[in-house]
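Remarks on the structure that follows.
There are 2 protein chains.
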Amino acid sequence: MAKQAGSKTRSVRGSRTGRPIMALLDLLGRRWTLRILWELREQPLSSRALRSACDEASPTVLQARLTELREAGFVELGDGGGYGLTPLGRDLCETFMPLHRFAERWKNSSPSPRLRGEGRGEGEPPRRR
Amino acid sequence: MAKQAGSKTRSVRGSRTGRPIMALLDLLGRRWTLRILWELREQPLSSRALRSACDEASPTVLQARLTELREAGFVELGDGGGYGLTPLGRDLCETFMPLHRFAERWKNSSPSPRLRGEGRGEGEPPRRR
DNA sequence: CGTATTGCTACGATAAATGTAGCACAGGAA
DNA sequence: TTCCTGTGCTACATTTATCGTAGCAATACG
Chain A
1 MAKQAGSKTR SVRGSRTGRP IMALLDLLGR RWTLRILWEL REQPLSSRAL
51 RSACDEASPT VLQARLTELR EAGFVELGDG GGYGLTPLGR DLCETFMPLH
101 RFAERWKNSS PSPRLRGEGR GEGEPPRRR
Chain B
1 MAKQAGSKTR SVRGSRTGRP IMALLDLLGR RWTLRILWEL REQPLSSRAL
51 RSACDEASPT VLQARLTELR EAGFVELGDG GGYGLTPLGR DLCETFMPLH
101 RFAERWKNSS PSPRLRGEGR GEGEPPRRR
């Protein structure tokens, strides 16, 4: 992948700049990461329950993300089984909780019938050039 | 991929539940998406400048993300060239701007030297089971 | 004309995700 | 004990996504 894996600090993708925001953006920008945090936002879930909540995502990735999130200190296993957010994780979750409200607003705004429908039909003439 | 691409609304991965938050989490959970929004947060950038800012990510993905973000209404091309956030995109960016502060806090907390260092060396005995 | 920028694309190589199957372990009946 | 069920977790072959390099057409300036 060229990025990351340089030597130590496999840490997170295009980060390496030292700025923690980059590491965080990278970690959260992996498949299912945001979703996992979202699904755990209210109560802990068993690995299987989490899988169900995540649209039956393959256990391989889920396990990988769970490990990353645990290493990051956002998620923990809970001695009785079941994954839950750590205090830090709960904190993070609340940080992007406003996204929920934004998402609702987004759906309604939708400046044009975008995001759904064929991959850019015609509709608008080529922009420039 | 099984997920998405069903028929219409190729929209976003494990979404389909109708809940816009899922679509949003999915869109943002793609590689470089968060990073792109972050890099555009202050001023518009040309495609090449954006590429530089994004650690020389390959133009293939960048272009793909840019297209998705434009379809979502978060980014626009700007008639003079250069990508910039739409009002909606600026709104979204501010929504997860607190992440910046959180990231700083995260770096300092770091309940153990996690996230960096070999992929889980030994360190701690197997957890359970 | 040449040169340099722009946004954007092709395409082979590589890394990551998917889907299915299954493991070892822990409890609770029977 | 044995059987059943649920847990966290892994193997592995297939499919997708991303990478990295190269290059295109269009625009602008000299």
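The listed protein sequences derive, respectively, from chains A and B. Just so we're aligned, residue 1 is where the first sequence starts under full-length UniProt numbering, counting upward by one. Just so we're aligned, residue 1 is where the second sequence starts under full-length UniProt numbering, counting upward by one. Heads up, the beta-carbon is just placed ideally off N, CA and C, and yes, glycines get one too.
*Quick one: is B/R30 buried, meaning 16 or more other Cβ sit within 10 Å of its Cβ, or exposed?*
buried
*Starting from the C-beta of B/G123, find all residues in its chain whose C-beta is less than 8 Å away, skip the five residues before and the five after it, and write them out in chain order.*
With a pLDDT of 38 at B/G123, under the threshold of 50, the modelled position of this residue cannot be trusted; read the value that follows with caution. So the list is empty, once near-sequence residues are dropped.
*May I have a chain-ordered list of the alpha helix (DSSP H) segments no shorter than 4 residues that lie completely inside the UniProt domain "HTH hxlR-type" (19-111) of chain B?*
20-28, 33-39, 47-53, 59-72, 87-95 and 98-109
*Compute the Euclidean distance between the alpha carbons of B/L37 and B/R105, then round it to the nearest angstrom.*
21 Å
*Could you tell me whether the Cβ of A/G29 comes closer than 8 Å to any Cβ of chain B?*
yes
_CB-CB length for A/E76 against A/T86, believed under 8 Å_ = 5 Å
*Check whether the Cβ of B/L99 lies closer than 8 Å to any Cβ atom in chain A.*
yes
_Using only CA atoms, which one of A/P98, A/G82 and A/K107 lies nearest to A/A40?_
According to the sequence as given, residue 40 of chain A is Leu; it is not Ala. Minimum Cα distance to A/L40 is reached at A/G82.
*Cβ neighbours of A/C54 in the same chain (closer than 8 Å, five flanking residues each side left out)*: W32, R35, I36, E39 and L62
*Contacts around A/E42, its chain only, beta-carbon distance under 6 Å, and the 5 residues preceding and following it disregarded*: none
*asked:* Among the candidates A/G84, A/E94 and A/K107, whose CA atom is the shortest distance from the CA of B/R101?
replied: A/E94
*Going by Cα to Cα distance, which pick from B/L50, B/G84, B/A57 and B/F74 is closest to B/L27?*
B/F74
*Looking only at its own chain, which residues have a Cβ that is under 8 Å from the Cβ of B/G78, when we skip the five neighbours before and after it?*
P44 and G84
*A/L99 and B/L24: beta carbons closer than 8 Å?*
yes
*Beta-carbon neighbours of A/S109, restricted to chain B and to distances below 8 Å*: G73 and L88
_For a quick check, are the C-beta atoms of A/R48 and A/A57 less than 8 Å apart?_
no
_With 16 other Cβ atoms within 10 Å as the buried cut-off, status of A/S109_ = exposed
*Name the chain B residues whose beta carbon is nearer than 7 Å to that of A/P20?*
A103, E104, W106 and K107
*Leaving aside the five residues before and after A/E68 along the sequence, list all residues of the same chain whose C-beta is less than 7 Å from its C-beta, in chain order.*
L27
_Neighbouring residues, chain B, relative to A/T95 (Cβ below 7 Å)_ = P98, L99 and F102
*Buried or exposed: B/G89, going by 16 or more other Cβ atoms within 10 Å of its Cβ?*
buried
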